[in-house]
Amino acid sequence: MSDESHNYLNARKGLWSWLSTTDHKRIGIMYAIACGAFFLLGGILATFVRTELGEPGETILGQDQYNQVFTLHGVVMVFLVIIPAIPGILGNFVLPLQIGAKDVAFPRLNLASWYLFMAGAIMAVCGWLFVGRVDTGWTFYTPYSSGASNAVLWLTSAVFIAGFASIFTGLNFIVTVHKMRAPGMTWNRLPLFTWAIYATGIVQVLATPVIGITMVLLFLEKLLQIGIFDPALGGDPVLFQHFFWFYSHPAVYIMILPAMGIISDLMGTFSRQHVSGYTFIALSSVAIAFLGFLVWGHHMFVAGQSALSSIIFSMLTFLIGIPTGIKVFNWVATMYKGSVWLRTPMIYALMFLFLFTIGGLTGIMVGVLAVDVHLHDTYFVVAHFHYVMMGGALIGLIGGLHYWWPKMTGRMYNETAGVIAAILVFIGFNLTFFTQFFLGTKGMPRRYHDYSEFLEIYPEFAVLNLASTIGSYILGVGLVMILVYALYSLFRGPKATANPWGACTLEWTHTGPVPDEHNFHDTPLVTRGPYDYHLADDVFGKKTES
Amino acid sequence: MNQQNSIWLPEAASTIAGDVDALFYFILVTSVIFFVGVVSTMVFFAWRFRRRSPDDRPKPVYENKLVEASWIVIPSILVAVVFVWGFRLFLEIGIAPPNSYEVNVTARKWSWSFAYPNGVISTDLHVPVNRPIKLRMSSEDVIHSFFVPAFRIKADVLQGRYSYVWFEATRQDTFLVACTEYCGTSHSNMYARVITHSQDDFENWLVENLPDDSLTPAQRGEILYTQQGCIGCHSLDGTVAAGPSFLGLAGSTRNFADGTSAVADDNYLRTSIVNPALQIVEGYLNVMPGQYAVTMSSEEIDALVAFINEQ
Numbered sequence: 001m002s003d004e005s006h007n008y009l010n011a012r013k014g015l016w017s018w019l020s021t022t023d024h025k026r027i028g029i030m031y032a033i034a035c036g037a038f039f040l041l042g043g044i045l046a047t048f049v050r051t052e053l054g055e056p057g058e059t060i061l062g063q064d065q066y067n068q069v070f071t072l073h074g075v076v077m078v079f080l081v082i083i084p085a086i087p088g089i090l091g092n093f094v095l096p097l098q099i100g101a102k103d104v105a106f107p108r109l110n111l112a113s114w115y116l117f118m119a120g121a122i123m124a125v126c127g128w129l130f131v132g133r134v135d136t137g138w139t140f141y142t143p144y145s146s147g148a149s150n151a152v153l154w155l156t157s158a159v160f161i162a163g164f165a166s167i168f169t170g171l172n173f174i175v176t177v178h179k180m181r182a183p184g185m186t187w188n189r190l191p192l193f194t195w196a197i198y199a200t201g202i203v204q205v206l207a208t209p210v211i212g213i214t215m216v217l218l219f220l221e222k223l224l225q226i227g228i229f230d231p232a233l234g235g236d237p238v239l240f241q242h243f244f245w246f247y248s249h250p251a252v253y254i255m256i257l258p259a260m261g262i263i264s265d266l267m268g269t270f271s272r273q274h275v276s277g278y279t280f281i282a283l284s285s286v287a288i289a290f291l292g293f294l295v296w297g298h299h300m301f302v303a304g305q306s307a308l309s310s311i312i313f314s315m316l317t318f319l320i321g322i323p324t325g326i327k328v329f330n331w332v333a334t335m336y337k338g339s340v341w342l343r344t345p346m347i348y349a350l351m352f353l354f355l356f357t358i359g360g361l362t363g364i365m366v367g368v369l370a371v372d373v374h375l376h377d378t379y380f381v382v383a384h385f386h387y388v389m390m391g392g393a394l395i396g397l398i399g400g401l402h403y404w405w406p407k408m409t410g411r412m413y414n415e416t417a418g419v420i421a422a423i424l425v426f427i428g429f430n431l432t433f434f435t436q437f438f439l440g441t442k443g444m445p446r447r448y449h450d451y452s453e454f455l456e457i458y459p460e461f462a463v464l465n466l467a468s469t470i471g472s473y474i475l476g477v478g479l480v481m482i483l484v485y486a487l488y489s490l491f492r493g494p495k496a497t498a499n500p501w502g503a504c505t506l507e508w509t510h511t512g513p514v515p516d517e518h519n520f521h522d523t524p525l526v527t528r529g530p531y532d533y534h535l536a537d538d539v540f541g542k543k544t545e546s
Numbered sequence: 547m548n549q550q551n552s553i554w555l556p557e558a559a560s561t562i563a564g565d566v567d568a569l570f571y572f573i574l575v576t577s578v579i580f581f582v583g584v585v586s587t588m589v590f591f592a593w594r595f596r597r598r599s600p601d602d603r604p605k606p607v608y609e610n611k612l613v614e615a616s617w618i619v620i621p622s623i624l625v626a627v628v629f630v631w632g633f634r635l636f637l638e639i640g641i642a643p644p645n646s647y648e649v650n651v652t653a654r655k656w657s658w659s660f661a662y663p664n665g666v667i668s669t670d671l672h673v674p675v676n677r678p679i680k681l682r683m684s685s686e687d688v689i690h691s692f693f694v695p696a697f698r699i700k701a702d703v704l705q706g707r708y709s710y711v712w713f714e715a716t717r718q719d720t721f722l723v724a725c726t727e728y729c730g731t732s733h734s735n736m737y738a739r740v741i742t743h744s745q746d747d748f749e750n751w752l753v754e755n756l757p758d759d760s761l762t763p764a765q766r767g768e769i770l771y772t773q774q775g776c777i778g779c780h781s782l783d784g785t786v787a788a789g790p791s792f793l794g795l796a797g798s799t800r801n802f803a804d805g806t807s808a809v810a811d812d813n814y815l816r817t818s819i820v821n822p823a824l825q826i827v828e829g830y831l832n833v834m835p836g837q838y839a840v841t842m843s844s845e846e847i848d849a850l851v852a853f854i855n856e857q
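If you read the sequences in order, they're chains S and D.
For the first sequence, this note's numbering assigns the number 1 to the initial residue and increments by one for each residue that follows.
For the second sequence, this note's numbering assigns the number 547 to the initial residue and increments by one for each residue that follows.
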């Protein structure tokens, strides 16, 4: 094919051609490089945290250093990796291709979002180096944060700016999906990844302004002593938590919905089977996007809110939990009478089902009021949200990157290396975080620099913490291995074909091995659903099997 | 204090703990059944329907209404059960019986103090067993959280607002109290103990610990040293914590972060207590709370200075 010589990667040359590009695919790649670097940073910080906790007492970090390190770990992972990564990398790269569009609706706004994200990100990291090390935790709770050093203002400003990147991205995708679908691409032919990114866009646009407003209020509180949060000035000490979680709980869906979209596409492609419950999965993503705004109070069951509020929030939480559970059943059912091909992306999809189910079930546990009183702010919660955020969102991202890697780079990675790394990640992850469930139910609080005091009651804390630390190293080795074979594949990997997985969505069926700068030579005409493998004679050749 | 029987929960030692544990185990067992079901089905399908030829093109399978209905209805019923069970128990945990014995709790960076109706103030919580205890809690600075794993109780402690928690201990023993809301440098070292006594022993303890007028100022200072929480950051044996040790502090030359220095005389000690941010000793952070000028009387400050002078 002639695509070899002319594609989006080599259409223009030089650094400036990247920094000034409005091509959604190139912007996706730029997000990938940025988020990859921040993931590496966040991961290194995580190993510092785990190393400190590997043995009782102080080992490598003092109390204040430890508090600063887990704060930066949280800020980097949440605001600079998990929130932007899937929409920024895969949403940008894949979504316009999946719906048969030449680009997103607002290409310049798309580039602006990357610059804003980088501005916020660089501010956050440089603030740590040159302004001051914030130790408030990524949640910035007042009055601790309003009494902390002014460096906290620098960091919250960074979060404020990065937030606009998220709003721009979400807005762009909503408009793109509404207005730029190819002929025949009806709403019920949208791939589920696109549905998920669309639902995510709604949350990004509606929720992100709230974190911006909250950060501005914190700014005003701290600089001008207005008394919004400070009870001594007539403020409310819990108000900040309401504002914060009014964004940050929907943000959980900004993180997990896109991963659910990836899993849907992976289950379909690698089972070569109609995705079970397509309509349910598509619409429940949108329903979850809205319901997600009504559950923030479940972070505050012991914070002194009224019992009635807690009961309502608990009930709404379960309302979200049920469709999420049904999605898991649907993904499993997709394999039924399919043709399951266990390649690396599919291994990550199955790993997602394993880990995310644990994350979801432990979410039910902490959603139950009386049980949450005991488990709140312990390592049980730490383990729970890592199963959802990493075991769910990031494992979904890694699976998606393996899936779309040939399309993004034109190269294949080494399948054996991929499988070995996936096994390391799986073992390391579970060793790191499953042990923390035991620590948490026994009562080890989160954000603890030391647990020596517990050892006289529970001597097993030492071995559990050590196991968790060893697990984090195994996980780290697995992740670094992915980085190594990915870089190797960029230069030495075998050339990919246009549709190596036998997928039926437009990004595989209507583009060359590496897409053209303008995506499609001709506007695609869509005549079947995204998972109608039985109708895809264009992919598999004319043949009907009984 | 050294017991363990389950890999999951600590041994229960309050009247409500057994009920919480029963709910916990119900959810745990149900979750394990679901999890094993999902994962074994997943593994079975992945094996049973594995790809046999690259040309496999299975017939499309569409949803079975009965199966779909079952996996909507069954989980919904189960979460409805745990929701109702959970909130009824939550109300029980939240409402103290009317005959509760009340203790006031003050949290501050990074210590607890417990004040009794007769004026006794203690850094550990001494209570009688088999009697409901209601804690009225507030914070002097940031948000803390009062957590006794063995009792399955927890509540945030706020500045400028009371929060309450109650429990009835079922055993004479010593239990750990931990702070579970992140509160800065020594968050992970903000412990207290709950020590449960028989009713008689508790009453004796209350009388024995009444403030004594015959104490010397330094002896009063020693009590204040724990009551006011100095102990959280200032050791007596030279150990460096968030603040300098009191050992040999009085009379020594202090080097400050701004390059100046001074001898630690009585006035220096007094100023450091009431206005800690004024001069920061080299190597330390400006983290000491500034409220002692308000919360301590001048006699108490004198007593504390006398105590520090003796170290």
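Think of the CB as a built atom: it goes at the ideal place given N, C-alpha and C, for glycine as much as any other residue.
Fair warning: this is a prediction, and the values are worked out from it, not measured in the lab.
Buried or exposed for residue 616 of chain D, please, with buried defined as at least 16 other CB atoms from any protein chain shown within 10 angstroms of its CB. Residue 616 of chain D comes out exposed.
Cβ shell of residue 815 of chain D (< 6 Å), same chain only, five flanking positions each side left out: Contacts found: 851, 854.
Indicate whether the contact test is met: 3 or more Cβ pairs, each with one atom in the stretch 315 to 331 of chain S and one in the stretch 642 to 651 of chain D, closer than 8 Å. With a cut-off of 8 Å, the stretch 642 to 651 of chain D and the stretch 315 to 331 of chain S do not count as touching, because too few Cβ pairs lie within range.
On the DSSP bridge list, what partners appear for residue 341 of chain S? In the DSSP assignment, residue 341 of chain S is bridged to no other residue.
Positions along the stretch 357 to 369 of chain S whose CB lies within less than 7 Å of some CB in chain D: Of all residues in the stretch 357 to 369 of chain S, 357, 358, 361, 364, 365, 368, 369 have a Cβ within less than 7 Å of some Cβ in chain D.
Rounded to whole angstroms, what is the Cα-Cα separation between residue 592 of chain D and residue 603 of chain D? For residue 592 of chain D and residue 603 of chain D, the gap between their C-alpha atoms comes out near 16 Å.
With a floor of 4 residues, list each alpha helix (DSSP H) that falls wholly inside the stretch 439 to 480 of chain S, ordered by position along the chain. Segments of the alpha helix (DSSP H) lying fully in the stretch 439 to 480 of chain S: 452 to 455.
Determine the closest residue to residue 64 of chain S out of D:773, D:556, D:734, with distance taken between C-alpha atoms. Nearest to residue 64 of chain S by C-alpha distance, out of D:773, D:556, D:734, is D:734.
Chain-order list of residues whose beta-carbon lies under 7 Å from that of residue 18 of chain S (same chain, five-residue window excluded): Taken in chain order, the residues that qualify are 26, 30.
Taking 7 Å as the threshold (beta carbon to beta carbon), is residue 737 of chain D in contact with chain S? Yes, its Cβ sits closer than 7 Å to a Cβ of chain S.
Can you confirm whether residue 339 of chain S, when its beta carbon is compared against all beta carbons of chain D, has any partner nearer than 7 Å? Chain D contact via Cβ: present.
So is residue 620 of chain D in contact with chain S if we call contact Cβ pairs under 7 Å? Output row for residue 620 of chain D: interface = no.
Are the beta-carbon atoms belonging to residue 717 of chain D and residue 558 of chain D less than 7 Å from one another? Result no, Cβ atoms of residue 717 of chain D and residue 558 of chain D do not sit closer than 7 Å.
Determine whether the beta carbon atoms of residue 681 of chain D and residue 711 of chain D lie at a separation below 7 Å. Closer than 7 Å, so yes.
Does any residue of chain S bring its CB to less than 7 Å from the CB of residue 726 of chain D? Residue 726 of chain D counts as touching chain S.
What does the Cβ neighbour count give for residue 189 of chain S, buried or exposed, with the cut at 16 atoms within 10 Å? Looking at its Cβ environment, which holds 16 or more other Cβ atoms inside 10 Å, residue 189 of chain S is buried.
In this structure, how does DSSP classify residue 414 of chain S when only helix, strand and coil are distinguished? The three-state secondary structure of residue 414 of chain S, taken from DSSP, is coil.
Mind checking the stretch 439 to 471 of chain S against chain D and listing, in chain order, the residues whose C-beta falls within less than 8 Å of any C-beta there? So the close ones are 441, 442, 443, 445, 446, 447, 448, 449, 450, 451, 453, 454, 456, 457, 458, 460.
Taking CB distances under 7 Å as the criterion, tell me whether residue 632 of chain D reaches chain S. Judged by the 7 Å Cβ criterion, residue 632 of chain D is in contact with chain S.
Please list, in chain order, the chain S residues whose beta carbon lies closer than 8 Å to that of residue 588 of chain D. Going along chain S in sequence order, the residues near residue 588 of chain D (Cβ under 8 Å) are 332, 335, 350, 353, 354.
Going along the chain, which residues of its own chain have a beta-carbon closer than 6 Å to the beta-carbon of residue 76 of chain S, five neighbours each way excluded? Excluding residues within five positions, the ones whose Cβ falls inside 6 Å are 38, 41, 42.
Anything in chain S within Cβ reach of residue 575 of chain D, meaning under 8 Å, just list it in chain order. The premise fails here: residue 575 of chain D is roughly 11 Å from chain S at the closest Cβ pair, so nothing lies under 8 Å.
Cβ-based neighbour list, residue 748 of chain D, same chain, cut-off 8 Å, excluding 5 preceding and 5 following: The beta carbon of residue 748 of chain D sits closer than 8 Å to those of 672, 673, 674, all from its chain and outside the five residues before and after it, given in chain order.
CB contact flag (residue 151 of chain S, residue 131 of chain S, <7 Å): Cβ atoms of residue 151 of chain S and residue 131 of chain S: closer than 7 Å.
Is residue 149 of chain S helix, strand or coil by DSSP? Residue 149 of chain S falls in the coil class under three-state DSSP.
Only counting the same chain, and skipping five residues up and downstream in sequence, which positions put a Cβ closer than 8 Å to that of residue 116 of chain S? Excluding residues up to 5 positions away in sequence, 161, 162, 164, 165, 168 lie with their Cβ nearer than 8 Å to the Cβ of residue 116 of chain S in the same chain.
State the beta-bridge partners of residue 881 of chain D as determined by DSSP. For residue 881 of chain D there is no data in the structure shown, the boundaries of chain D being 547 and 857.
Let me see if you follow: with CB-CB separation under 7 Å, is residue 557 of chain D close to chain S or not? No, no contact with chain S.
Three-state secondary structure (DSSP) at residue 682 of chain D? Of the three classes helix, strand and coil, the one that applies to residue 682 of chain D here is strand, per DSSP.
Should residue 709 of chain D be flagged as near chain S, meaning a C-beta pair shorter than 7 Å? Interface residue, yes.
Here's the rule: buried if 16 or more other CB atoms are within 10 angstroms of the residue's CB, otherwise exposed. What is residue 484 of chain S? The residue is exposed, with fewer than 16 neighbouring Cβ atoms inside 10 Å.
Does residue 655 of chain D come out as helix, strand or coil in the three-state DSSP assignment? In the structure shown, residue 655 of chain D sits in coil (DSSP, three-state: anything other than H, G, I, E or B).
Stretch-stretch touch, CB-based, cutoff 8 Å, three pairs: the stretch 42 to 60 of chain S with the stretch 465 to 484 of chain S: Flag = yes, the stretch 42 to 60 of chain S and the stretch 465 to 484 of chain S touch.
Determine, for residue 569 of chain D, whether the minimum Cβ-Cβ distance to residues of chain S falls below 7 Å. So, interface residue.
Exposed or buried, which one is residue 786 of chain D when buried takes at least 16 other CB atoms within 10 Å? Per the 10 Å Cβ criterion, exposed.
In or out: residue 746 of chain D buried (at least 16 other Cβ within 10 Å) or exposed? Residue 746 of chain D comes out exposed.
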